[in-house]
Every structure is written in structure tokens, then in C-alpha cells.
Amino acid sequence: MGNLNDALAKAKFVKENPYADCELGKNKTMLLIFFNSSLRTRLSTQKAALNLGMNVIVLDINQGAWKLETERGVVMDGDKPEHILEAIPVMGSYCDIIGVRSFANFASKADDYGEKILNQFIKLSGKPVISMEAATRHPLQSFADLITINEYKRVERPKVVLSWAPHPKALPQAVPNSFAEWMIAAGYEVVITHPKGYELDPEFTRGATIEYDQEKAFEGADFIYGKNWSAYADPNYGKVLCTDKNWTIDERKMALTNNGYFMHCLPVRRNMIVTDNVIESANSLVIPEAANRVVSAQTVIKEILLGLK
Ligand code: CP
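For the sequence shown, this note's numbering gives the first residue as 686, with consecutive numbering after it.
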């Protein structure tokens, strides 16, 4: 928790003094590359960079850019006119820091868990790279979640429950992986509840309790973090195994908690993941949690800018 306490102190300063470093990023350019859609990450990271005085360029790879080939050795006679091996260093030449969003695509577990796209940016761009959610982690989200829990916790070591909930489509494991990893690192009591078959990579969950009974997991919880994810374990990697709405987070289950707060990274499908009444309740933190995305991004970008000086 030593490093996390330091990060939380830096985040507190940024939150209380959002424009204290408005000259730090002068004449520096942040390039944000999106392979996937975004609302919060797109806006909060831009806002964070602008607060630091940076110029910001945003590129949606699938809208207006050339389609990118990512495999080396391919004869490029199809619909992808540009190779990522040229595109990345070109992008790097236009900026000082790069943010990349590139989700798992479930075509290859080895490529996803090897962070093939993100690592190519790190290797080839020549610039510091920030993950804006990659295949296996969403660190800016988890940092914002930690900031939020630190602001609202009523005991030093809260019980934090990560609860799987149903969703019609296959979602990556990045948010739950990161959330578990950060909450365990923070020293909190971490319980993860999900149907059998939804076990996450143990690399991220070691130190957490896995509880297959969702109601038992909720008992005495201080924070409930709702999230869907697809199966991690082979042979079902990336598959939807269950859409049972008995796992939807509702008022009856929240009543089992220690007057617990509800959190979700958003976007959220109402009445699949969580009921209207829970997300609209006084104990729902989804809006302050999303607002803290500016704080987490600004804290990280500020540290990188200080390192560039
Ligand atoms: N939580 C989150 O990353 O939201 P977006 O996908 O809208 O960026």
C-alpha cells in the first residue's frame, strides 16, 4: 500500500488543485488512440491533459484512419492498407505521450494476455504510453475506483465485493482483473462472486476470496462493485456461459450489505447488471467514480510530464 498511499496523496492534491500545473504540459502533445469506443476515458483523459496545459489529438482507428494490419508477414492484398509497424512510429513522431485503448478481441488468448497491441506501442512509438484500457487491465479506472473507495470508506479495511452480473455480450476481463489487483494491493478484504466457470486469471485474484454464493458474498460488504466479464478459463475463453438475471444486483441483495455503496465503471446495462433503484440510490457512487477518472488520468499524466523535464 506504500506506493498506493503515495499515489492517493498525489491524486488528492490534483483533485483539490486541478489547475496548479497548467503550465507543466505547455508545448507538449498528448495523442489518444482508440481502437474501441469510449465515453469516460475519451473525455476524462482529454480533460486531464488540458488541465495540465497540453495539446491533445484524438484518433479513432476505425473511423477516418486507414485500417491497420497487425500481423507481420501478411501479404497485404486485403482491406488493410497500412501496417501497425509503420503507423505506430509515425504516431509517436507527432506527440510526447500516447494513450492507447485496445480491448481483448478474443481471437487469441495468447495475443490478448500478451498485450500484443499495447506492447507494440510501448516498443515502437518511442514515447511514454498510457493504457486507456488494454486487453487485460484498465489501470486508470482502477486508480479512480481506489480514489473513490478511499474517499467514501468508513473503516480502514473495508470489505469490497466484486460481483459478476449478467450481460448479453461477451465482455473482456480487463476491468475485473485490474479492480481485483488494485484492491488486493490496497490491503482491503476482497471477495469475488460469480457463477462457476467465470474464474478470473489467478494472477489478478490471488489474495481474494472466491464465493460462488452471491448473497453470502454481499453480507456485511462496504462496497459492491458490479461488473460483467466473459469466461477466462479454456476452453471457454471469451464466451458467455450464463445470462441468469438472478445475478442482477438489486435492493434485496444490497440490503444484505453494511449499508454498502454500489460502484460500476460504466457504461452499465440497467436491469441486467443493476436495477434502476440501486443505481439511482443514495448509495450509488457511479457518478463520483466516473468524475474521479479525470483525477486518476491527470495524476498519471502529471508524473509522466515531470519525468520528461
Ligand atoms: N469506464 C470506462 O472506461 O468508460 P468508457 O468505456 O466510456 O471509456
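Glycine included, C-beta positions come from ideal geometry on N, C-alpha and C.
Predicted, not measured: the structure shown is a model, and the values here were computed from it.
Beta-bridge pairing of residue i - partner residues as DSSP gives them
i    : result
K912 : W849
N740 : T714
E754 : H768
T726 : DSSP, once it has assigned bridges, lists no residue as partnering T726.
T894 : V876
D745 : F719
R955 : V959
K924 : DSSP lists no partner for K924.
Neighbourhood of residue i by C-beta distance below 7 Å, restricted to the same chain and skipping five residues each side
i    : result
S729 : R978, V979 and A982
Whether residue i touches residue j by CB criterion (8 Å)
i    : j    : result
A859 : E888 : no
L926 : Y883 : yes
L693 : A870 : no
I834 : F908 : yes
I769 : E754 : yes
P857 : F788 : yes
A893 : A865 : yes
I832 : A734 : no
K987 : V759 : no
For residue i, the first and last residue of its enclosing alpha helix (DSSP H)
i    : result
G992 : V971 to L993
M715 : Looking at the DSSP string, M715 is not in any alpha helix (DSSP H); the run it does join, the beta strand (DSSP E), is T714 to F719.
I869 : A859 to A870
R937 : E936 to M939
I807 : K801 to L809
Enclosing beta strand (DSSP E) for residue i [first to last residue]
i    : result
Y946 : Y946 to M948
E874 : E874 to T878
I832 : Looking at the DSSP string, I832 is not in any beta strand (DSSP E); the run it does join, the alpha helix (DSSP H), is P824 to Y837.
V963 : No beta strand (DSSP E) contains V963, which is instead part of the alpha helix (DSSP H) from D961 to I964.
R786 : I782 to R786
V814 : V814 to S816
Residues near residue i in its chain [Cβ-Cβ closer than 6 Å; skip 5 each side]
i    : result
V775 : none
M761 : E754
S810 : I773, G777 and I783
Residues near residue i in its chain [Cβ-Cβ closer than 8 Å; skip 5 each side]
i    : result
V953 : G911, V959, I964 and V971
Using a Cβ distance threshold of 8 Å, determine whether the stretch 699 to 715 contacts the stretch 732 to 745, with at least three qualifying pairs required.
yes
Does the stretch 860 to 880 come within contact of the stretch 836 to 851, defined as at least 3 CB pairs closer than 8 Å?
yes
Using 8 Å as the Cβ pair cut-off and three pairs as the minimum, do the stretch 807 to 822 and the stretch 962 to 979 touch?
no
If you pair each beta-carbon of the stretch 937 to 956 with each one of the stretch 903 to 921, do three or more pairs fall below 8 Å?
yes
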